[in-house]
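*Asks:* Take 1 as the starting number for the sequence shown in full-length UniProt numbering and just add one per residue.
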Amino acid sequence: MDPRSEVLLRQVDYLQGPLLLAGLPADELLGQLAQAHGWSWHAGQQQWLEQHYPGRCSFATTPPAMTWQSAVLFLPKARDLADYLLDCLAASLPHGGQLLVVGEKRGGIERIGKRLLAYGQPRKLDSARHCQLWLAEITQAPAMPVLDDLAEPFTLDIDGAPLQVISLPGVFSHGRLDRGTALLLEHLHLLPAGHLLDFGCGAGILGAFLKRRYPDSRVTLLDVDAFALASSRLTLAANNLQAELIAGDGIHAAPRELAAIISNPPFHLGVHTHYQASETLLREARQHLRPGGELRLVANSFLRYPPLIESHLGPCQTLAEADGFRIYRACRP
């Protein structure tokens with residue numbers, strides 16, 4: 001079981017009655033709390049929870065419209081996302097309702113006391129497993145935040161025309177164009193015609209660009225995060241573009257017979273570093289590409305991706321290198 005869940009269960013007396021668990025991990029916590037309901041924005045965790053506890057967890061960017069006595073937030077790393085989630089939960093609770101926050105010490109939980117002052121008097125309930133658990137009883141609730149009001153739009157000049165990007169809290173490179181994506185955008189010419197996939201779409205920059213440059217191609221955007229998909233949806237709408245969006249935890253959720261997979265693949269999750277999604281993409285891209293289909297991606301120069309690409313897909317070409325990033329290209333034979 002996740003150590004945060006273990007710390008939470010040490011204080012089970014605070015977890016009675018209708019309870020909302022926000023950002024809960026994929027573990028047995030729901031099975032220990034009969035009146036609890038989950039709220040997840042991670043497609044992989046949601047899939048696991050739905051398989052084990054059908055109907056007891058919602059996948060969304062807003063909390064379930066139900067009545068709660070208390071709520072628990074598993075604190076995310078991104079502060080802007082944490083602020084939005086805290087306001088959502090506090091607004092969902094009645095006066096005197098209990099808002100609990102649990103998180104790892106290196107994930108910023110030690111700062112949460114000051115943040116909880118906005119809702120009531122905070123106190124630390126527990127500290128164990130390198131985690132802390134905090135509680136505030138709601139004495140002053142905020143209005144329910146409107147997610148779209150927190151968007152940070154910005155404009156890119158690409159191919160001599162503006163591309164509007166709508167970035168939401170918690171989405172990768174919130175409110176700005178990251179250097180890796182900027183480099184990849186310069187090297188997306190001469191893609192094969194057909195179905196194009198933006199893997200790990202984030203705010204939808206690559207997907208929107210692909211649909212605009214290759215208007216006759218079918219374009220799909222895939223991400224594990226509900227906030228990224230919501231952001232991509234807004235970006236597409238802002239540019240009057242149509243594309244398919246898929247919530248999925250990795251390349252296995254992608255369509256087959258793709259003409260090209262384009263990606264600035266993620267390798268960070270929370271306070272830990274993870275390469276699994278990116279490495280799985282490189283190992284399994286062949287299964288999702290048609291013969292002659294192409295993988296084109298950007299990656300940090302220190303990541304040893306070429307040997308992995310060549311062992312599972314084919315010869316790997318380096319198209320460009322700048323600012324600590326490289327653009328790789330490989331085709332399925």
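Here a beta-carbon is modelled for each residue, glycine too, at the ideal position from N, C-alpha and C.
Mind checking cysteine 316: buried by the 16 CB within 10 Å criterion, or exposed?
*Replies:* Residue mapping note: residue 316 aligns to position 316 of the sequence shown, counting from 1. It counts as buried.
*Asks:* Any contact between the stretch 149-162 and the stretch 116-134? By contact I mean 3 or more CB pairs, one from each, below 8 Å.
*Replies:* The stretch 149-162, when compared against the stretch 116-134, does not touch it at the 8 Å Cβ threshold.
*Asks:* For glutamine 164, which beta-bridge partners are listed by DSSP?
*Replies:* If you number the sequence shown from 1, residue 164 lands on position 164. In DSSP, glutamine 164 forms a bridge with Thr155.
*Asks:* With H, G and I counted as helix, E and B as strand and the rest as coil, what does DSSP make of glycine 194?
*Replies:* For the purposes of this step, residue 194 is taken as the residue at position 194 of the sequence shown. In the structure shown, glycine 194 sits in coil (DSSP, three-state: anything other than H, G, I, E or B).
*Asks:* Per DSSP, what are the beta-bridge partners of histidine 37 in this structure?
*Replies:* Locating residue 37 in the sequence shown gives position 37, counting from the first residue. Bridge partners of histidine 37: Leu20.
*Asks:* Leaving out five residues before and five after glycine 202 in sequence, what residues of the same chain have Cβ atoms less than 6 Å from its Cβ?
*Replies:* The count along the sequence shown starts at 1 and reaches residue 202 at position 202. The residues are Val171, Phe172, Ala228.
*Asks:* Find out if the Cβ-Cβ distance for the pair glycine 38, leucine 24 is shorter than 9 Å.
*Replies:* Along the sequence shown, one-based indexing puts residue 38 at 38. Along the sequence shown, one-based indexing puts residue 24 at 24. Contact flag set, yes.
*Asks:* Just how far apart, CA to CA, sit glycine 175 and leucine 147?
*Replies:* Here the question's residue 175 lines up with position 175 in the sequence shown. Here the question's residue 147 lines up with position 147 in the sequence shown. Cα to Cα, glycine 175 sits roughly 14 Å from leucine 147.
*Asks:* Check whether the Cβ atoms of leucine 75 and glycine 113 sit closer than 9 Å, and answer yes or no.
*Replies:* Residue mapping note: residue 75 aligns to position 75 of the sequence shown, counting from 1. Residue mapping note: residue 113 aligns to position 113 of the sequence shown, counting from 1. No.
*Asks:* Check glutamine 69 in the structure and name its three-state DSSP category.
*Replies:* Along the sequence shown, read from residue 1 onward, the residue named residue 69 stands at position 69. Here glutamine 69 sits in coil by DSSP.
*Asks:* Can you tell me whether histidine 42 is helix, strand or coil according to DSSP?
*Replies:* Taking the sequence shown and counting its residues from 1, one reaches residue 42 at position 42. Looking at histidine 42 - three-state DSSP - the assignment turns out to be strand.
*Asks:* Does the structure place the stretch 189-201 close enough to the stretch 217-225 that three or more beta carbon pairs sit under 8 Å?
*Replies:* Segments in contact, yes.
*Asks:* Which class does leucine 319 belong to by DSSP, given the choice of helix, strand or coil?
*Replies:* Position 319 of the sequence shown holds residue 319. If DSSP states are grouped into helix, strand and coil, leucine 319 belongs with the strands.
*Asks:* Going by DSSP, which residues form a beta bridge with valine 298?
*Replies:* On the sequence shown, residue 298 is found 298 positions in, with the first residue counted as 1. According to DSSP, valine 298 bridges with Ile327.
*Asks:* Assess, as a yes-or-no matter, whether the stretch 295-304 is touched by the stretch 314-332 under the definition of 3 or more beta carbon pairs within less than 8 Å.
*Replies:* Yes: at least three Cβ pairs fall under 8 Å.
*Asks:* Could you give the uninterrupted runs of the beta strand (DSSP E) lying entirely in the stretch 175-227, keeping only those of 3 residues or more?
*Replies:* Listed in chain order, the complete beta strand (DSSP E) runs (minimum 3 residues) inside the stretch 175-227 are 196-199, 219-223.
*Asks:* Less than 8 Å between the CB atoms is what I'm expecting for phenylalanine 325 and leucine 183, so what's the real figure, rounded?
*Replies:* Sequence index remark: in the sequence shown, residue 325 carries index 325 (1-based). Sequence index remark: in the sequence shown, residue 183 carries index 183 (1-based). With a Cβ gap of about 5 Å, phenylalanine 325 and leucine 183 count as contacting.
*Asks:* Who does leucine 133 pair with in a DSSP beta bridge?
*Replies:* Here residue 133 is taken as the residue at index 133 of the sequence shown, counted from 1. DSSP, once it has assigned bridges, lists Val102, Asp126 as partnering leucine 133.
*Asks:* Does DSSP classify proline 3 as helix, strand or coil?
*Replies:* The residue given as residue 3 occupies position 3 in the sequence shown. It is helical.
*Asks:* Between which two residues does the beta strand (DSSP E) harbouring isoleucine 261 extend?
*Replies:* The residue you call residue 261 lines up with position 261 of the sequence shown. It spans 258-263 - the beta strand (DSSP E) in which isoleucine 261 sits, taken as one unbroken run.
*Asks:* Please say whether arginine 329 and arginine 286 have beta carbons closer to each other than 9 Å?
*Replies:* The count along the sequence shown starts at 1 and reaches residue 286 at position 286. The count along the sequence shown starts at 1 and reaches residue 329 at position 329. Cβ atoms of arginine 286 and arginine 329: not closer than 9 Å.
*Asks:* Nearest-angstrom Cα distance between alanine 254 and glycine 200?
*Replies:* As a working mapping, residue 254 is identified with position 254 in the sequence shown. As a working mapping, residue 200 is identified with position 200 in the sequence shown. Taking the straight line joining both Cα atoms gives about 11 Å.
*Asks:* So what does cysteine 88 bridge to, in DSSP terms?
*Replies:* Against the sequence shown, residue 88 aligns to sequence position 88. None, per the DSSP bridge assignment.
*Asks:* From proline 63 to glutamate 244, what does the alpha carbon distance come to, in whole angstroms?
*Replies:* Taking the sequence shown and counting its residues from 1, one reaches residue 63 at position 63. Taking the sequence shown and counting its residues from 1, one reaches residue 244 at position 244. Going from the Cα of proline 63 to the Cα of glutamate 244 covers about 24 Å.
*Asks:* Can you give me the C-alpha to C-alpha distance between proline 18 and proline 306, rounded to a whole angstrom?
*Replies:* Position 18 of the sequence shown, counted from the start, is the residue given in the question as residue 18. Position 306 of the sequence shown, counted from the start, is the residue given in the question as residue 306. Each residue's alpha carbon lies about 51 Å from the other.
*Asks:* Report the option in Ala259, Ala91, Cys57, His52 whose CA atom is closest to the CA atom of histidine 42.
*Replies:* Walking along the sequence shown from the start, residue 42 turns up at place 42. Among Ala259, Ala91, Cys57, His52, the Cα nearest to that of histidine 42 belongs to Cys57.
*Asks:* Using C-beta distances below 8 Å, list every residue in its chain close to glutamate 294, excluding the 5 sequence neighbours before and after it, in chain order.
*Replies:* Reading the sequence shown from its first residue, position 294 is the one you call residue 294. Closer than 8 Å at Cβ, skipping near neighbours: Leu191, Pro192, Ala259, Ala260, Ile261, Arg329, Ala330, Cys331, Arg332.
*Asks:* Take the Cβ of glutamine 140 as the centre, count every other Cβ of all protein chains shown within 10 Å, and call the residue buried at 16 or more, exposed below.
*Replies:* By 1-based counting over the sequence shown, the position of residue 140 is 140. So glutamine 140 counts as exposed.
*Asks:* If I follow the unbroken alpha helix (DSSP H) through serine 311, where does it start and stop?
*Replies:* Working through the sequence shown from its first residue, we reach residue 311 at position 311. Residues 306-312.
*Asks:* Could you check if threonine 67 is buried or exposed, using at least 16 other CB atoms within 10 Å of its CB as the buried criterion?
*Replies:* Within the sequence shown, numbered from 1, the residue matching residue 67 stands at position 67. Exposed, since its Cβ has fewer than 16 Cβ neighbours within 10 Å.
*Asks:* Near tryptophan 48, what residues of its chain come up, given a Cβ to Cβ distance below 8 Å and the 5 sequence neighbours on each side ignored?
*Replies:* The residue given as residue 48 occupies position 48 in the sequence shown. The answer, listed in chain order, is Ala26.
*Asks:* What would DSSP say about alanine 230, mapped onto helix, strand or coil?
*Replies:* Position 230 of the sequence shown, counted from the start, is the residue given in the question as residue 230. Here alanine 230 sits in helix by DSSP.
*Asks:* Let me check understanding here. Comparing Cα to Cα, which of Asp178, Arg179, Glu152, Leu177 lies closest to isoleucine 166?
*Replies:* Stepping through the sequence shown from its first residue, residue 166 is reached at position 166. Among Asp178, Arg179, Glu152, Leu177, the Cα nearest to that of isoleucine 166 belongs to Glu152.
*Asks:* To the nearest angstrom, how far is the alpha carbon of serine 127 from that of serine 263?
*Replies:* Taking the sequence shown and counting its residues from 1, one reaches residue 127 at position 127. Taking the sequence shown and counting its residues from 1, one reaches residue 263 at position 263. Roughly 40 Å separates the two Cα atoms.
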